[in-house]
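Single-structure report; data block below.
Residue numbers (this note's numbering): 12 to 274.
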């Protein structure tokens with residue numbers, strides 16, 4: 012009987028009530044103007060460096076200081092997972108580090124592609140198909156937000172703990188997924204730098220410097236999110252917290268789609 016009850020519960024999909032729709036709409040409107048402002052600030056403070064060493068230093072500082080959109084997106088993916096799965100700082104740090112390392116693997120791949128495409132990549136940045144890519148990636152964020160909040164759409168597959176050869180396999184999976192959804196402006200600018208470098212080593216070093224800057228915050232937020240377990244003490248409390256993170260992700264995805272279409 013208990014088994015049947017559990018099975019029946021898993022089939023029940025939470026309904027999006029009017030109150031939540033209103034909250035999402037208000038989030039989208041607020042985030043649209045906020046992210047527009049942040050984009051302007053990030054672009055306005057982005058300094059084009061003529062040398063390799065300046066490029067490394069500037070991208071690290073930008074990742075540390077103005078990579079807010081990138082860090083927020085990653086944090087909304089990582090924090091609910093860490094809060095639910097881990098209860099000690101060491102395990103949370105390991106999960107956050109694994110998440111960030113696999114995020115770097117995607118960044119290095121993008122930097123390599125940008126380097127070898129060179130001028131072709133730079134010319135493509137001004138074309139409509141780039142906006143198309145942003146729309147597609149933003150839609151992925153929307154779907155992940157819906158999955159986080161409402162357990163929909165259903166997963167096509169479930170990575171096991173050993174999926175990546177470690178107990179933190181899902182942390183790696185989330186890191187790669189966050190890396191694929193690469194749409195924050197300063198990261199794109201860092202990738203532009205990689206296309207301008209003279210050697211592949213320089214390109215990979217530049218993108219790694221940006222990653223190091225953002226990783227400081229991701230490790231900090233991810234590791235200490237275990238402290239939320241003391242605040243979110245009940246299963247119901249965690250579900251509310253998880254749903255809130257999902258709604259923020261959903262709203263960010265919608266905002267990025269609107270920005271791609273309207274700017």
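All C-beta atoms, glycine included, are put in the ideal place defined by N, C-alpha and C.
Between residue i and residue j, is the Cβ-Cβ spacing less than 8 Å?
i	j	result
residue 39	residue 80	no
residue 107	residue 89	yes
residue 237	residue 150	no
residue 4	residue 253	Beyond the ends of the chain as shown, which are 12 and 274, falls residue 4; an answer cannot be given.
residue 182	residue 109	yes
residue 192	residue 152	yes
residue 35	residue 270	no
residue 94	residue 239	yes
residue 42	residue 263	yes
residue 164	residue 148	no
Tell me whether residue i is buried or exposed, calling it buried when 16 or more other Cβ atoms sit within 10 Å of its Cβ.
i	result
residue 226	buried
residue 197	buried
residue 251	exposed
residue 24	Legend: pLDDT at residue 24 = 48, less than 50; position of this residue unreliable, value from coordinates given subsequently. By the neighbour-count rule (16 or more Cβ atoms within 10 Å), residue 24 is not buried but exposed.
residue 67	buried
residue 91	buried
residue 28	exposed
residue 143	exposed
Between residue i and residue j, which are expected to be in contact by the criterion C-beta below 8 Å, what is the C-beta distance as a whole number of angstroms?
i	j	result
residue 156	residue 257	5 Å
residue 267	residue 190	About 16 Å; that fails the 8 Å criterion.
residue 179	residue 105	6 Å
residue 275	residue 87	With the chain running from 12 to 274 in the structure shown, residue 275 is simply not present.
residue 37	residue 224	About 31 Å; that fails the 8 Å criterion.
Is the closest heavy atom of the ligand FAD to the C-beta of residue i under 7 Å?
i	result
residue 265	Absent from the structure shown: the ligand FAD. Ligands present: none.
Return no unless some Cβ of chain C is closer than 8 Å to the Cβ of residue i.
i	result
residue 128	Considering every chain present, this structure includes no chain C. It has just one protein chain.
Review point. Between the segment 227 to 237 and the segment 78 to 97, do at least 3 Cβ pairs fall closer than 8 Å?
Key: The count of Cβ pairs closer than 8 Å, one atom from the segment 227 to 237 and one from the segment 78 to 97, reaches three, so the stretches are in contact.
Review point. Taking three-plus beta-carbon pairs below 8 Å as touching, is the segment 241 to 249 in contact with the segment 98 to 118?
Key: Verdict: no, contact absent.
Exercise for review: For the segment 67 to 78 and the segment 205 to 221, state whether three or more C-beta atom pairs, one from each stretch, are separated by less than 8 Å.
Suggested key: Touching, yes, given that three or more Cβ pairs across the two stretches are closer than 8 Å.
Practice item. Decide if the segment 121 to 130 is in contact with the segment 200 to 209; the criterion is three or more beta carbon pairs, one per stretch, under 8 Å apart. Key: For the pair of segments examined, the segment 121 to 130 was found to touch the segment 200 to 209: the number of CB pairs separated by less than 8 Å reaches three.
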